[in-house]
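*Asks:*
Residue numbers (this note's numbering): 4 to 94.
1) Can you list the alpha helix (DSSP H) stretches of 4 or more residues lying completely in the stretch 14 to 43, in chain order?
2) For residue 8, count neighbouring Cβ atoms within 10 angstroms of its own Cβ and tell me buried if that reaches 16, exposed if not.
3) What is the rounded straight-line gap between the Cα of residue 90 and the Cα of residue 16?
4) To the nearest angstrom, how far is the alpha carbon of residue 12 from that of residue 45?
5) Where does residue 89 fall in DSSP's three states?
6) Enumerate in chain order the residues of its own chain whose CB-to-CB distance from residue 39 is below 8 angstroms, with the five nearest sequence positions on each side excluded.
7) Is the Cβ-Cβ distance between residue 58 and residue 30 less than 8 angstroms?
8) Going by beta carbon distance, what residues of the same chain come within less than 8 angstroms of residue 61, once the five residues before and after it are set aside?
9) Residue 71: buried (16+ other C-beta within 10 angstroms of its C-beta) or exposed?
Take a look at the structure:
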């Protein structure tokens, strides 16, 4: 038996730089693959949140909400490298 799998870092069309998947297509595909949930973690925004929730509800998939944030080591440190931090919401 295969263990359940859930994607926890997915960028949609609302992640301007690197997202390609449309929110409606994501929910439909996840449902078709038999996955019970999927996380949407667009880069530095939550613009797709309502559309994602509605699409997942219609497809029978549990939506997980999050964001891929940019963080820097020190305020005002122009030479500091930028990192990414994945944040998932829990209720």
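Glycine residues also receive a C-beta, built at the ideal position from the N, C-alpha and C atoms.
*Replies:* According to the structure shown:
1) 26 to 35
2) Along the chain shown, read from residue 1 onward, the residue named residue 8 stands at position 5. So residue 8 ends up on the exposed side.
3) Start at 1 with the first residue of the chain shown, and residue 90 comes out as number 87. Start at 1 with the first residue of the chain shown, and residue 16 comes out as number 13. Roughly 19 angstroms between the two C-alpha positions.
4) Taking the chain shown and counting its residues from 1, the one referred to as residue 12 is at position 9. Taking the chain shown and counting its residues from 1, the one referred to as residue 45 is at position 42. Their Cα atoms are separated by approximately 8 angstroms.
5) As a first step, residue 89 must be located in the chain shown, where it is residue number 86. Correct three-state label for residue 89: strand.
6) As a working mapping, residue 39 is identified with position 36 in the chain shown. Once the five neighbours on either side are set aside, the close Cβ partners of residue 39 are 7, 9, 64, 65.
7) In the chain shown, residue 58 corresponds to position 55, counting from 1. In the chain shown, residue 30 corresponds to position 27, counting from 1. Against a cut-off of 8 angstroms, the Cβ pair of residue 30 and residue 58 comes out as a contact.
8) Within the chain shown, residue 61 is the residue found at index 58, counting from 1. Cβ neighbours of residue 61 beyond the five flanking positions: 30.
9) Here residue 71 refers to the residue found at position 68 of the chain shown. Classification of residue 71: buried, given that the 10 Å Cβ count is 16 or more.
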